[in-house]
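Engineer: Before anything else, here's the structure in question.
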Amino acid sequence: MVDAVKKYFDLVKAFESLEPDEIEAFRISYLGKKGILNSLFSDFRKVPLKEKKSFGVELNKLKTAVLEKVRDLKEVSKKKSGSNKISDPTRSAFKINTGSKHPLSIVKNRIIDIFTQIGFNISEGPEIEDDWHNFTALNLPYHHPARDMQDTFFIETNPDILLRTHTSSVQVRYMENNQPPIRTISPGRVFRNEAISSRSHCIFHQIEGLYVAKDVSFADLKQTLNYFTKSLFGNKKMRLRPSFFPFTEPSAEVDIYWGLETEKDYRITKGTGWLEIMGCGMVDPNVLENCGIDSENYSGFAFGMGIERIAMLLYQISDIRLFFENDIRFLKQFKTTI
Ligand code: DAH
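Residue numbers (the numbering used here): 1276 to 1613.
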């Protein structure tokens, strides 16, 4: 009888398939209800008494051998099928260096997120503008001294065409094409004929905001800006300081309290602890009328901020030129999933 079991040991040893189906069939043929082991165990009765013990030992060995075989074959089969699965056979064998988002994009997207959460949409306009949209419609007629606030790149052959000096031009375009209620923010690149230094550049980015509806008040502006500065800077104090812009009346500048803890804080805040982050105000009724909106019925507020300036504050970057040099050592510090 014991010899009969030996035959099965040889069969188990010989089995080498790595096909999952065949391994399973093998397992069932031995360990299943009607399998070889069960039928051998039922032969147990017929085994002569003196062989019973060794027969039992052999059967248990056979069972263990089958279990081990199945486990080993399954393991090898799994490894093999895993290594066969190449998700992209054209992929480079060398490590791929992934890029990172530009810090200006990161900050721009954060600002956009904050405003879209309270119902603002996004609008864009052309970088090459005409005089009307960049200046005249915004209460800055020809020869108005306030035009000097923004040194402009004009196109030599056509003084009516220029590179926009601010994204406020998008306000005008948006109001010309949409009636209130209007809630829009306009990110974009702007150009000014300025000497390049660590603090200013001839190309930079702004985000403009505009809200026009019935009964919009200065309190609405203040609340919106409060929400914005809290979301972006955390619990820093904000204040509004009276200022002048031709397109808003009254106008204000927005400061946040940066603190005066370090020498650097003294330097960047000129010893006051406060930092200016944007301009804002109630849209001048003339501007609403210029854009085809009834200023008797509607009022609105607007604001505009420089993205570089905010990115420099958030990331403690001391030279604006770094944003445009595309030095990989600078850029890779901003690796993020945002
Ligand atoms: N356009 C202004 C600038 O570039 C910023 C600005 C100030 C925009 C006040 C506004 C505003 O909409 O109300 O300096």
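We treat Cβ as the ideally placed atom computed from N, Cα and C, and that holds for glycine.
1) Pull the bridge partners of V1558 from the DSSP assignment, please.
2) Is DSSP giving K1308 helix, strand or coil here?
3) Tell me whether the segment 1568-1583 and the segment 1530-1548 touch, counting them as touching only if at least three CB pairs, one residue from each stretch, are closer than 8 Å.
4) Reducing DSSP to helix, strand and coil, say where T1529 ends up.
5) May I ask you to check if the CB of Q1608 is nearer than 7 Å to at least one heavy atom of the ligand DAH?
6) Would you say Q1498 touches the ligand DAH, meaning its beta carbon is less than 7 Å from a heavy atom?
7) So the candidates are P1323, L1324, K1321, E1333; which of them puts its Cα closest to the Cα of L1268?
8) How far does the beta strand (DSSP E) with E1404 in it extend, from its first residue to its last?
9) Run the Cβ filter for me: residues under 5 Å from any heavy atom of the ligand DAH, listed in the order they occur in the chain.
10) Could you tell me how far apart the beta carbons of E1402 and R1464 are, in whole angstroms, since I believe they sit closer than 8 Å?
11) What whole-angstrom Cβ distance do K1511 and T1504 have, given they're in contact under 8 Å?
12) Report yes if the C-beta distance between N1453 and V1562 is below 8 Å; otherwise report no.
13) Using only the alpha-carbon positions, how far apart do I1393 and N1501 sit?
14) Nearest to V1447 by CA position, among R1584, N1468, N1565, S1526, is which residue?
15) Rounded C-beta distance between L1342 and I1298? I'm assuming under 8 Å.
16) Could you check if K1325 belongs to the surroundings of the ligand GTP, using beta carbon to heavy atom distance under 7 Å?
17) Per DSSP, S1461 forms a beta bridge with which residues?
18) Starting from D1435 and walking both ways along the beta strand (DSSP E), at which residues does that stretch end?
19) State the Cα-Cα distance for the pair I1613 and Y1590, rounded to the nearest angstrom.
20) Return the CA-CA distance between R1346 and R1385, expressed in angstroms with no decimal places.
21) Who are the near neighbours of V1487 in its chain, counting only those whose CB is closer than 6 Å to its CB and skipping five residues on each side?
22) Mind checking which residues open and close the beta strand (DSSP E) that includes S1574?
23) Taking A1586 and C1555 to be in contact with their CB atoms under 8 Å, please state how far apart those CB atoms are, rounded to whole angstroms.
24) CA-CA distance, G1548 and P1416?
25) Can you tell me whether I1471 is helix, strand or coil according to DSSP?
26) Check the Cβ-Cβ distances between G1548 and every residue of chain D, and say whether any is below 8 Å.
27) Are three or more beta carbon pairs between the segment 1519-1538 and the segment 1603-1610 nearer than 8 Å?
28) When you compare the CB positions of I1460 and E1483, do they come within less than 8 Å of one another, or not?
29) Identify which residue in P1295, Y1283, G1567, V1558 has its Cα closest to the Cα of D1490.
30) Using C-beta distances below 8 Å, list every residue in its chain close to S1473, excluding the 5 sequence neighbours before and after it, in chain order.
31) With H, G and I counted as helix, E and B as strand and the rest as coil, what does DSSP make of R1320?
32) Compare the Cα-Cα distances from P1295 to each of K1354, E1600, L1515, H1480 and report the closest residue.
33) Let me check understanding here. Comparing Cα to Cα, which of L1550, A1300, K1309, P1378 lies closest to K1344?
34) I1543 by DSSP, collapsed to three states: which one?
Structural biologist: Per the coordinate set shown:
1) According to DSSP, which records beta bridges pairwise, V1558 is partnered with T1523.
2) coil
3) no
4) Checking the sequence, you will find Val at residue 1529 rather than Thr. If DSSP states are grouped into helix, strand and coil, V1529 belongs with the strands.
5) no
6) no
7) No information on residue 1268 is available, as it lies outside the stretch 1276 to 1613 that the chain covers here.
8) 1403-1405
9) H1441, S1443, F1520, T1523, G1554, C1555, G1556, A1577, G1579
10) Contact annotation, E1402 with R1464: C-beta distance approximately 6 Å; criterion of less than 8 Å satisfied.
11) 7 Å
12) no
13) 13 Å
14) N1565
15) With a Cβ gap of about 12 Å, L1342 and I1298 do not count as contacting.
16) As presented, the structure is devoid of the ligand GTP, carrying the ligand DAH as its sole ligands.
17) E1483
18) 1433-1438
19) Here I1613 scores only 46 on pLDDT, less than 50, and its place in the model should not be relied on; the value that follows carries that caveat. The alpha-carbon atoms of I1613 and Y1590 are separated by roughly 15 Å.
20) 53 Å
21) The answer, listed in chain order, is P1455, I1457, Y1573, G1575.
22) 1574-1581
23) A1586 to C1555, Cβ: 19 Å. No contact.
24) Take the alpha-carbon of G1548 and the one of P1416: they are about 36 Å apart.
25) The answer is coil: DSSP assigns I1471 none of H, G, I, E or B.
26) Chain labels in this structure do not include chain D; a single protein chain is all it has.
27) no
28) yes
29) The shortest C-alpha separation from D1490 is found at V1558.
30) Taken in chain order, the residues that qualify are S1593, D1594, I1595, R1596.
31) helix
32) K1354
33) Nearest C-alpha to K1344: A1300.
34) Here I1543 sits in helix by DSSP.
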